[in-house]
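Undergrad: Per the working numbering: the sequence shown = residues 195 to 352. The beta-carbon is built from N, C-alpha and C at its ideal position, and this holds for glycine as well. If you scroll down you'll find the structure; I have some questions about it.
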Amino acid sequence: MAKQYKLTPQRLEELQEELNYLKTVREREVAEQIKEARSFGDLSENSEYDEAKNEQGKLYSRIAEVEAVLANYVLIEEPTYDANAVSLGSQVTVEDMETGDKETYRIVGSQEADPMNGRISEDSPFGKALLGKVVGDKVEVEAPMGMLRYTLLELHKN
């Protein structure tokens, strides 16, 4: 069975728009680059042609990747946990019990994860530890630097 990708309605729309852009606008741009590079003559020593062909390969690879996700996605709308518990799509604020630092994260599917921008995958150790927790719960996460401990301070659903 193919891997299933969990997507929010917003991410699904973004991927559909990206695929449309790649197959229409971007594909024409790359074809034009190849056509222009061919006009420069000898293809064996034509770096512009090689670059355009590499770009075409990257484009087709990304199209295939997006199509695979769109062919095997599960739309996330209904919470799978109690209405007061952390689930996919929840925004949480946690406090590091050791340092007192507070951070806010959104729990998302693996296709949407962007830890540097506060979007944590439900498949990550931290995401898994948070799922099902309610405000006030303590969360422990095994990390390479040791056990990290947090307190769940706030929880907001979409």
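Would a C-beta distance cut-off of 7 Å place Leu253 and Arg220 closer than the cut-off?
TA: Counting from one through the sequence shown, the residue named residue 253 turns up at place 59. Counting from one through the sequence shown, the residue named residue 220 turns up at place 26. Taking 7 Å as the Cβ cut-off, Leu253 and Arg220 qualify as a contacting pair.
Undergrad: Using CA coordinates, which residue listed in Thr293, Phe234, Glu348 is at the minimum distance from Asn278?
TA: In the sequence shown, counting from the first residue as 1, residue 278 sits at position 84. Looking at the Cα atoms, Glu348 is the closest of the given residues.
Undergrad: If you reduce the DSSP assignment to three classes, tell me which class Glu334 lands in.
TA: Mapped onto the sequence shown, residue 334 falls at position 140. Reduced to three states, the DSSP call for Glu334 is strand.
Undergrad: Where in the segment 270-347 do unbroken runs of the beta strand (DSSP E), each at least 3 residues long, occur, reported from the N-terminal end onward?
TA: 285-290, 296-302, 313-315, 332-337, all fully within the segment 270-347.
Undergrad: Taking the alpha-carbon positions, what's the Leu216 to Lys332 distance?
TA: One-based indexing of the sequence shown puts residue 216 at position 22. One-based indexing of the sequence shown puts residue 332 at position 138. Going by the C-alpha atoms only, they are around 44 Å apart.
Undergrad: Is the separation between the beta-carbon of Gly321 and that of Ile314 shorter than 7 Å?
TA: The residue given as residue 321 occupies position 127 in the sequence shown. The residue given as residue 314 occupies position 120 in the sequence shown. Result yes, Cβ atoms of Gly321 and Ile314 sit closer than 7 Å.
Undergrad: Please list the segments of the alpha helix (DSSP H) lying wholly inside the segment 209-239, counting only runs of 4 or more residues, in order along the chain.
TA: Here the runs fully enclosed are 221-232.
Undergrad: Decide if the segment 245-260 is in contact with the segment 279-287; the criterion is three or more beta carbon pairs, one per stretch, under 8 Å apart.
TA: No: fewer than three Cβ pairs fall under 8 Å.
Undergrad: DSSP three-state call for Lys197: helix, strand or coil?
TA: One-based indexing of the sequence shown puts residue 197 at position 3. Looking at Lys197 - three-state DSSP - the assignment turns out to be coil, as it is neither helix nor strand.
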